[in-house]
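*Asks:* Here you go, one structure.
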Amino acid sequence: MVANDQSLELKLVPREIRKIEHFVDDICDQLFINDTYYGNILMSITELFNTLCEKSPGKTLNIIYNTDYKQIKISAQPIDKEIVKVIESDIDLDNIMDGPYSRNIFLIKSLVDAYEIEEDALILNFDIGALHNEIYKKRADQLQSYFKKEDVKKKQKSGDKL
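The sequence shown maps to residues 3 to 164 in the working numbering.
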């Protein structure tokens, strides 16, 4: 069983990014997350971290992960009120480079399935239910194939004709 409510506390300084990479690696390894979702999770958290490093260097960030095996929720707090305003606003693609943090926030919003803002926390949601359904189907198909082969072997050994 995967440990829920794992957390990471780090300083908002560039060298701490390795802790985020390790944190995401552990989550994705435990949940058998494929490379696409791994990339989305890592990139969205990295972009958030980089944004917060720029806005509030040296402060502390808490990241908490939780899953029900249908979705992963990654909460980051505290999130600066200015960053929250950018997250809540619509980003104009034609002027994405003009606003502060617009490019970073656009990437985060593009990579997550949903996000929530609760007080001073940003919660990133990733829907992994389909991934686990896909794994389940593949394993069930492999098991069916195995049993068919075993059935054929038994009939051949007993001299039955197919």
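Where is the CB? At the ideal position from N, CA and C, for every residue including glycine.
Is the Cβ-Cβ distance between I76 and I85 less than 9 Å?
*Replies:* Taking the first residue of the sequence shown as position 1, residue 76 is located at position 74. Taking the first residue of the sequence shown as position 1, residue 85 is located at position 83. For I76 and I85, no; Cβs fall outside 9 Å.
*Asks:* Does the beta-carbon distance from N52 to N6 come in below 9 Å?
*Replies:* Working through the sequence shown from its first residue, we reach residue 52 at position 50. Working through the sequence shown from its first residue, we reach residue 6 at position 4. No. Outside cutoff.
*Asks:* Taking D129 and Q73 to be in contact with their CB atoms under 8 Å, please state how far apart those CB atoms are, rounded to whole angstroms.
*Replies:* Taking the sequence shown and counting its residues from 1, one reaches residue 129 at position 127. Taking the sequence shown and counting its residues from 1, one reaches residue 73 at position 71. D129 to Q73, Cβ: 5 Å. Contact.
*Asks:* In chain order, what residues of the same chain have a beta carbon less than 6 Å from the beta carbon of Q8, not counting five sequence neighbours either side?
*Replies:* Within the sequence shown, the letter at position 6 stands for residue 8. Cβ neighbours of Q8 beyond the five flanking positions: Y67.
*Asks:* So who's on the other strand from I125, going by DSSP bridges?
*Replies:* Here the question's residue 125 lines up with position 123 in the sequence shown. Residue pairing for I125: DSSP places it in a beta bridge opposite S77, E118.
*Asks:* Helix or strand or just coil, what does DSSP make of S9?
*Replies:* Along the sequence shown, one-based indexing puts residue 9 at 7. S9 falls in the strand class under three-state DSSP.
*Asks:* On the criterion of 16 or more Cβ atoms from any shown chain inside 10 Å, does E90 qualify as buried, or is it exposed?
*Replies:* Counting from one through the sequence shown, the residue named residue 90 turns up at place 88. Classification of E90: exposed, given that the 10 Å Cβ count is below 16.
*Asks:* With distances taken Cα to Cα, identify the nearest neighbour of L33 among L12, S104, L10, T69.
*Replies:* Working through the sequence shown from its first residue, we reach residue 33 at position 31. The shortest Cα separation from L33 among L12, S104, L10, T69 belongs to T69.
*Asks:* Considering Cα atoms alone, identify which of L50, E49, D27 is closest to Y40.
*Replies:* The sequence position of residue 40 within the sequence shown is 38, counting from 1. Ranking the options by Cα distance to Y40, first place goes to D27.
*Asks:* Report yes if the C-beta distance between K111 and Y103 is below 9 Å; otherwise report no.
*Replies:* Along the sequence shown, read from residue 1 onward, the residue named residue 111 stands at position 109. Along the sequence shown, read from residue 1 onward, the residue named residue 103 stands at position 101. Their beta carbons are not under 9 Å apart, which means K111 does not touch Y103 by this criterion.
*Asks:* Alpha carbon to alpha carbon, how far is V88 from K21? Give it in angstroms, no decimals.
*Replies:* Walking along the sequence shown from the start, residue 21 turns up at place 19. Walking along the sequence shown from the start, residue 88 turns up at place 86. If you take the alpha carbons of K21 and V88, they lie about 26 Å apart.
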